[in-house]
Amino acid sequence: MKGSEVVMKMLERHGVKVVFGHPGGAIMPIYDALYDSSVKHVLVRHEQGGAHMADAYYRASGKVGVCFATSGPGATNLVTGLATAHMDSSAVVAITGNVVTSLIGTDAFQEADVYGITGPVTKHNFLVKNVADLPRVITEAFHIASTGRPGPVLVDVPKDVQLADYDGPLEAEIDLPGYRPTYVGNARQIERAAEAIKKAERPVMIVGGGGQVAPEEVAAFVEQTGIPVITTLMGIGAFPPGRQESLGMPGMHGTVTANRAITNCDLILGAGLRFDDRVTGKVSRFAPNATVVHIDIDPAEISKLVKAHVPVVGDLRDVLPRLKAQLPRLAIEPWREQLAAWKAKYPERYKADKGLVSQEVIQMLREAAGDCIVSTEVGQHQMFAARLFPTTKPRSFITSGGLGTMGFGLPAAIGAAFARPGERVVCVAGDGSVQMNIQELATLAKHRLPVVIAILNNGMLGMVRQWQELFHAQRYSEVYLADSNPDFAKLAEAYGIEGHNVFDREHAKRVIPEALAKDGPVLLNFFVYEAEKVWPMVPAGAGVDEMIIGDQEPEFADSAPVREEVPA
Amino acid sequence: MTVSRHVLSVTVRDQPGVLLRIAGLFARRGYNIESLSVAQTERPGLSRTTFVVTGEDATVEQVTKQLQKLIDVLTVVDHSGSDYVSRELMLIKVAVRSPDDRVEIRQIAQDFRARIVDVARQALVFEVTGDERKLQAFINQMRPFGIVELVRTGMVALERTEQEEKERGRAKAA
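Line order of the protein sequences matches chains A and B.
My numbering numbers the first residue of the first sequence as 1282 and each following residue consecutively.
My numbering numbers the first residue of the second sequence as 2 and each following residue consecutively.
Shown next, in the form of structure tokens:
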């Protein structure tokens, strides 16, 4: 057996059904072995697309996503995808070819120091120098990627290792003495957490991406305690958004209620989140009167930005049920009533007094699509989608949170469609972002996946434009796209995908259900109001209590945004 | 915000690229590594590295946790605030300009228990071992004679046994 066959056999052993990749010189032996393998291969048109697909495949299914790339440019093209997966704790195994061992370090054709380059953007990486190490390394790669706090792992395999003969066993022992993730929370810490929660009068729970693995545990915990729940961008779907306890998203573009809850609470129960700066705003103004209980599987996240008074290292699936067992229904009715009053006063609202606006398109999509998988690109449309189209199921809102990677949404929609066949995927995109991996329309066309791409086309880099309007004296530097955007409907058609340009409300109402009824991909290009802004907004560097409420204000006028004073 | 000097002992698997990962973590936080020494330990396949860095305590604690996260890192110990022994080795070449100098230099070296490892007409090379203060004092004493060049290994440190036992007890209790 050749090393390349060992690679494919090991993937089969790990239950890999699909690999996203692009061939090239240094990975040709593996592609040759793939030819005889039962593993399905999805040919992407750019390796970054492949990495995002593998990432979304994991996010949507909980099964490790796998991507292939060749040496040099192939592997460097993966880097953005790996960094995206790393920031959002997504289990990906990337396998790259490399030049033959004797040429490594000589600036050979299509050679790059992939091991060195990808180290900082992966959970771990390997350079395999001996074919006998392949079974162990690949086993370890899957183990590291999928256990503890998940993350991407890269395995770099030089071409001569792929071609080397191997007749040893494929079973391999994992040998990782330095890697022992903590799943079981410390009993004393859980007790302390329970004591703190019992004492609280105004507690609030914030669920992050870690909640995607523990939706039942989160629901049961809330059921028992009645604690109000905030879900971060990564936590969308970990708790149903329609529930009374749900306060929506916190932070820079969070809801008024969520941010007020944070400012006024006396206890935060952080569950599987890392208190990212987009969530906290200015840390010194974040929950100034709160005791912080922080549960996370990664000890390095505890007290990184927000000091945890009661840290609990462990898996939510272990910690939450044990914590729940020590808690009664919390006597916090006045607090719940206060939050309900804020929620009633500040519902999601927007002005639809212009032509088509982004928010109403998203709302129409939600009404027509119901329960589905949503992927997003990055920008204003992403925030509108997070607020107006939060999924009710876990693992279903797929977005680049930490790295904020434009170009993520389209390949992510494809990866998610492969992960959950038969389910509808809606990709909410912007006209700027979607062009960053637009070549993947070819992959989409080939596999006829049930993906509706909804481009909210305002002819602008909308989020940058919003910042320029608010913080850069309306100096709109390099954000105008409309004069050189393609005709997206025609572009889709050029790839063999049905495409529609949509200019008005009536047309939108008609075309959305039609598109969602199709079996294959459809691209809808909505021309929307160009100067729309995402409200509320916490300016960068400000506290979440200093949000600009804008359109969310009950009697909002066209005037300058009102700055809300919130008692701290 | 308390800034202080930290001596970190990191036990790592003897793998290519380990140092790159560790150094990368410090570099990302903008820390200059003041000294670094690496060598194999009593256990085959494991190396022990000793870092000296100066930084904000909270950030160093964060970096320590990040180090602990690296797959090839087995243990991380921050010696600051605990009782430890540290040593460093220095080779120092001192200029000899006159017979009187030679006598005086050798006398000082004797006081420091520095060993002569190379003798020439115009220079002497000493091997000095000790903690940082001792090495610095020796350098200061030799400076008037003229230091031709010197090289230091960087600090290595071990926790004192009593302290280590206490730490273990605490870890078990936690």
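Ideal placement from N, C-alpha and C gives every residue a C-beta, glycine not left out.
Residue-level contact check: K1585/A touches chain B, since one or more beta carbons of chain B fall below 7 Å from its beta carbon.
Within a 10 Å sphere around the beta-carbon of Y1757/A sit fewer than 16 other beta-carbons, which makes this residue exposed. Taking 7 Å as the cut-off, the beta carbon of V1288/A is found closer than this to the beta carbon of I1311/A. One Cα belongs to I1425/A, the other to V1402/A, and the distance between them is close to 14 Å. Pairing S1656/A with S83/B, the inter-Cα distance amounts to about 51 Å.
Under DSSP, C1546/A forms no beta bridge with any residue.
The beta carbons of A1542/A and L1528/A sit closer together than 7 Å. For P1401/A, a Cβ of chain B is located within less than 7 Å of the residue's own Cβ.
G1353/A and E1392/A do touch by the CB rule: their CB atoms are close to 6 Å apart, below 8 Å. Taking 8 Å as the upper bound for CB-CB distance, I1679/A and R1326/A are not in contact here, some 20 Å apart. Looking at R1430/A, G1507/A, Q1716/A and R1598/A, the one whose alpha-carbon comes closest to that of P1615/A is G1507/A. R44/B is outside the set of residues whose beta carbon lies under 7 Å from a beta carbon in chain A. Counting only runs of 4 or more residues that sit fully inside the region 11-92 of chain B, the alpha helix (DSSP H) segments are 19-29 and 58-70, in chain order. Secondary structure note for V1745/A: its alpha helix (DSSP H) is the uninterrupted segment G1743 to F1752. Taking 9 Å as the cut-off between beta carbons, the residues of the region 1555-1584 of chain A near chain B are D1579, P1580, A1581, E1582, I1583 and S1584, in sequence order. Contacts with chain A at 7 Å (Cβ-Cβ) include D73/B.
In chain order, I72 make up the part of chain B whose C-beta sits under 8 Å from the C-beta of I1425/A. Contact check for V1600/A and I1576/A: beta-carbon distance about 5 Å, within the 8 Å limit, so the pair qualifies.
Around the Cβ of P1817/A, a 10 Å sphere holds 16 or more other Cβ atoms; the residue is buried.
Inter-segment contact for the region 1704-1713 of chain A and the region 1773-1780 of chain A is absent: fewer than three beta-carbon pairs are separated by less than 8 Å. Residue state for S1656/A is assigned as strand, using DSSP reduced to three classes. Within the region 1669-1698 of chain A, no residue has a Cβ lying closer than 7 Å to any Cβ of chain B. Unbroken alpha helix (DSSP H) stretches of 4 residues or longer found wholly inside the region 1392-1465 of chain A: 1395-1399, 1415-1427 and 1440-1444, given in chain order. Any Cβ of chain A closer than 7 Å to the Cβ of K66/B would place that residue at the interface, and such an atom is present.
Secondary-structure assignment with DSSP links G1780/A through a beta bridge to L1804/A. Only residues of its own chain outside the window of five on either side were considered, and among them R1729 and P1731 have a CB closer than 8 Å to the CB of D1800/A, listed in chain order. Contact residues of the region 1377-1409 of chain A toward chain B are Y1396, G1397, G1400, P1401 and H1405 (C-beta to C-beta distance below 7 Å).
Secondary structure of I148/B (DSSP, three-state): strand. Interface flag for Y1447/A against chain B is unset, since no Cβ pair is found closer than 7 Å. Boundaries around D1577/A are those of the beta strand (DSSP E), T1572 to D1577, since no alpha helix (DSSP H) includes it. Taking 8 Å as the upper bound for CB-CB distance, F1769/A and N1806/A are in contact here, some 4 Å apart. Put simply, the CB of Y1316/A is far from chain B, with every gap to its CB atoms at 7 Å or more. Those residues of the region 8-37 of chain B placed with their C-beta closer than 9 Å to a C-beta in chain A are T12, V13, R14, P17, G18, L21, R22, G25, L26 and R29, ordered along the chain.
Look at the region 1450-1470 of chain A: the residues with a C-beta under 7 Å from a C-beta of chain B are L1457, P1458, G1459 and Y1460.
Taking 8 Å as the upper bound for CB-CB distance, K1344/A and G1518/A are not in contact here, some 17 Å apart. Under the 10 Å beta carbon count, D79/B is surrounded by 16 or more other beta carbons and is classified as buried.
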